[in-house]
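Each residue of the sequence shown is one higher than the one before, counting from 38 in our numbering. No residue lacks a Cβ here, since even glycine has one placed at the ideal position from N, Cα and C.
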Amino acid sequence: MSDMRVKTIAIIGGGTAGWLAANHLAVELRSEPDISITVIESPEIGIIGVGEGTVPHIKQSLMKFGIAEADLLASCDATFKMGIKFQDWMQTSHPASDNFYYHPFASPYPGGLDVNSLYLQRADSMRFSEVCETPFLAEAMKSPKHAASQEYQGAVNYAYHFNAVKFGQLLAKNARERFGVQHVKTTLRAAVLGNDGAVSHLIAEDGQTLQFDFYVDCTGFHSLIFGKTLNVPFIDKSKQILSDSALAVQIPYETSQEKLAPYTLAKAHSAGWLWDIPLTQRRGVGFVYSSAHMNETQALDGLSSYLKVDASRYAPRKIPMRIGYREQFWVKNAVSLGLAQGFVEPLEATSIFVTDFAAELFARNFSVHKDGMAVAAGYCNKVLAYTWERVMDFVQLHYCISDRRDTAFWRDNTEGATLSDVLSERLAIWRHHAPKKSDFFSRFDLFDVDNFLFVLYGMNYPTMKKNISDYERRCFENEIAAIDQRKHALSTQLLDHRDWLHQFNLAYQGKM
Ligand SMILES: Cc1cc2nc3c(=O)[nH]c(=O)nc-3n(C[C@H](O)[C@H](O)[C@H](O)COP(=O)(O)OP(=O)(O)OC[C@H]3O[C@@H](n4cnc5c(N)ncnc54)[C@H](O)[C@@H]3O)c2cc1C
38 MSDMRVKTIA IIGGGTAGWL AANHLAVELR SEPDISITVI ESPEIGIIGV
88 GEGTVPHIKQ SLMKFGIAEA DLLASCDATF KMGIKFQDWM QTSHPASDNF
138 YYHPFASPYP GGLDVNSLYL QRADSMRFSE VCETPFLAEA MKSPKHAASQ
188 EYQGAVNYAY HFNAVKFGQL LAKNARERFG VQHVKTTLRA AVLGNDGAVS
238 HLIAEDGQTL QFDFYVDCTG FHSLIFGKTL NVPFIDKSKQ ILSDSALAVQ
288 IPYETSQEKL APYTLAKAHS AGWLWDIPLT QRRGVGFVYS SAHMNETQAL
338 DGLSSYLKVD ASRYAPRKIP MRIGYREQFW VKNAVSLGLA QGFVEPLEAT
388 SIFVTDFAAE LFARNFSVHK DGMAVAAGYC NKVLAYTWER VMDFVQLHYC
438 ISDRRDTAFW RDNTEGATLS DVLSERLAIW RHHAPKKSDF FSRFDLFDVD
488 NFLFVLYGMN YPTMKKNISD YERRCFENEI AAIDQRKHAL STQLLDHRDW
538 LHQFNLAYQG KM
């Protein structure tokens, strides 16, 4: 009976995915002291090293792992992210003078009120994101936290920007020191299947054989087990999401006084968009583009034009992106996570979110008895296929409802777009009715009505207006007036984002 129990787990890959998996599995298996977890990481291959924007879900995982927010902020050059500011995603903008909208990490239901129909009546004179305080505070470059806010709590909701390499190191330290996860540095040549089609063992470059009961493939785009060994088919989504390349650079600050935006800037261009992410020690900027619509020289010119200097001086790293996911996520005694599982271009920071979600899903459904694997695999495969499809829809939404037609890229993303049946149906319904919570009937819609509303109405989606009563109008006006008051009050109470982080870092180092 004892060989029916899982005793050893190998996580292959020491990137964000590998160490998130290690922490999630260690937490869930705390009551199984005879199970050991080992992370195997290639010292030669290294990690992808991008992935600096997150969504608020990460806070729950960090709390669960026992990581103090102060340690994250101090050791990962972290800054706060209140949401994303989308610039130039529309041809004709509203108001016409400034072409941007916010997707804040906030509820679009002020005072619990469903204000969509009411907003549509006022759409000519206000932005949808004014239904919460966050964009005003973000524009004012405020910190989301008071000086004395509890850890992981703020005056408004937030996530982080961080240095991806340092974040991996923080997760690794926690997994090793708090949970006793083993760490082996070796490059694997192959994974070998047994007669039953399950992974039997791994072979290292030096010929050594490593055998475990369960394997977690976190080898990034290399996809050692799910791609190279199990040959799980890749569901290609490049017809839905056209951006397939990125040029990434790290930009030092010119002075230590430069303002730190508490948001990710996502600025659209003729064949894609670029991200600008502020960390405490530098910025991370990435030019995302469709190689079918723009070549690398043009992309470099676009990046230089944004940076107002020749971008080649920052040695841009070209990163090809394969958009899609593998048909199965759990096969017999192996699961895949992170880039080995799938990827959609980095708009909306979906990747760490899906990885974190999937790692927790696997850990919670993990069966210590080998005969419980098949049923867990079936369930997780169903959940994750749904999750991936809806994440693709959410990213595509940003393109397909734009009124930009100025280049072939935008025409292909709008008039020529291929949408999933679910997204097509939802968009058709939302022409007649504003999105409702009940339109999202699965909790595996990781991006739900809150997120969709900010994007749809940030981009002036044309839902038919409904009649509203005077009573509803008064309630709406009262809520908007209350938000107005709160945002001005908060803006005087909250510190400047850079100042908050500076004071925090001094206090952390014991200098205050
Ligand atoms: C351009 C770009 C921008 C992105 N921006 C964001 C963002 O803002 N927000 C976000 O959420 N996500 C973002 N992502 C995704 C994010 O980078 C990943 O989710 C995250 O880094 C996790 O990567 P990973 O751990 O799966 O892979 P990696 O970091 O590539 O790690 C793979 C690991 O596997 C190991 N390995 C590989 N092969 C072998 C082998 N044969 N033997 C032993 N070890 C091996 C490597 O050494 C490494 O340790 C972005 C991705 C790209 C491409």
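Please return the same chain residues whose Cβ sits closer than 8 Å to the Cβ of MET38, not counting the five positions on each side in sequence. Annotation note: pLDDT 43 at MET38 (below 50); position unreliable, no value reported.
In this structure, what does DSSP give as the bridge partners for GLY321? Paired residues: GLN287 and ILE314.
If GLN128 sits next to ARG441, beta carbons under 8 Å apart, how far is it from one beta carbon to the other, in whole angstroms? Contact between GLN128 and ARG441 is confirmed by a C-beta separation of about 5 Å, below the 8 Å threshold.
Per DSSP, which residues does ARG567 bridge with? Please list them. Examination of residue 567 is not possible in this model, given that the chain is present from 38 through 549 alone.
So, are the CB atoms of ILE278 and GLU382 less than 8 Å apart? In this structure, GLU382 lies closer than 8 Å to ILE278 by Cβ.
When we look at the beta-carbon of LEU543 and count the other beta-carbons within 10 Å, is it buried (16 or more) or exposed? Label assigned to LEU543: exposed.
Rounded separation between SER307 and TRP447 - CA only: Going from the Cα of SER307 to the Cα of TRP447 covers about 7 Å.
Would you call the stretch 463–482 and the stretch 330–339 touching, i.e. three or more CB-CB distances under 8 Å? No, the stretch 463–482 does not touch the stretch 330–339.
Say the cut is 7 Å; is the CB of SER229 nearer than that to a heavy atom of ligand 1? The amino acid occupying residue 229 in the given sequence is Val; Ser does not appear at that position. For ligand 1, not one heavy atom lies less than 7 Å from the Cβ of VAL229.
On a CA-only basis, which of SER327, LEU311 and LEU531 is nearest ILE121? Give me that one, please. Cα-wise, what sits closest to ILE121 is LEU311.
Please tell me whether, using a cut-off of 7 Å, the distance from the CB of ALA54 to the nearest non-hydrogen atom of ligand 3 is below it. For ligand 3, the structure offers nothing, since it holds only ligand 1.
Cβ-heavy atom distance, MET331 to ligand 1, below 7 Å: Relative to ligand 1, the beta carbon of MET331 is positioned no closer than 7 Å to any heavy atom.
Closer than 6 Å by C-beta to GLY148: which residues in its own chain qualify, once you throw out the five before and the five after it? Chain order, please. Correct list, in chain order: GLU516.
Taking the straight line between their C-alpha atoms, what separation do you get for ILE46 and PRO181? So the alpha carbons of these two residues sit roughly 39 Å apart.
Rounded to whole angstroms, what's the CA-CA distance from SER327 to TYR508? Just pull it up for me. So the alpha carbons of these two residues sit roughly 49 Å apart.
Using the C-alpha atoms, what's the distance from MET178 back to PHE366? Cα to Cα, the separation comes out at about 40 Å.
With 16 other Cβ atoms within 10 Å as the buried cut-off, status of LYS118: LYS118 is buried by the Cβ-count criterion.
As assigned by DSSP and simplified to three states, the class of MET38: Bear in mind that the predicted position of MET38 carries a pLDDT of just 43, short of 50, making it unreliable; the figure below should be weighed with that in mind. Reduced to three states, the DSSP call for MET38 is coil.
Nearest-angstrom Cα separation, counted from GLN287 out to TYR545: If you take the alpha carbons of TYR545 and GLN287, they lie about 25 Å apart.
Inter-residue CB distance, SER34 and LEU207 (contact presumed, cutoff 8 Å): Not covered by the structure: residue 34. The range shown for the chain is 38 to 549.
Under the assumption that SER457 contacts ASN450 (Cβ atoms under 8 Å), give the Cβ distance between them as a whole number of angstroms. About 15 Å separates the two Cβ atoms, so there is no contact after all.
Alpha helix (DSSP H) runs wholly inside the stretch 74–126, at least 4 long, in chain order: Complete alpha helix (DSSP H) runs here, min 4: 94–102 and 106–112.
Straight-line Cα distance separating THR292 from LYS524: Take the alpha-carbon of LYS524 and the one of THR292: they are about 29 Å apart.
HIS14 beta carbon near ligand 1 (any heavy atom closer than 7 Å): The structure shown does not extend to residue 14, since the chain spans only 38 to 549, so no value can be given for it.
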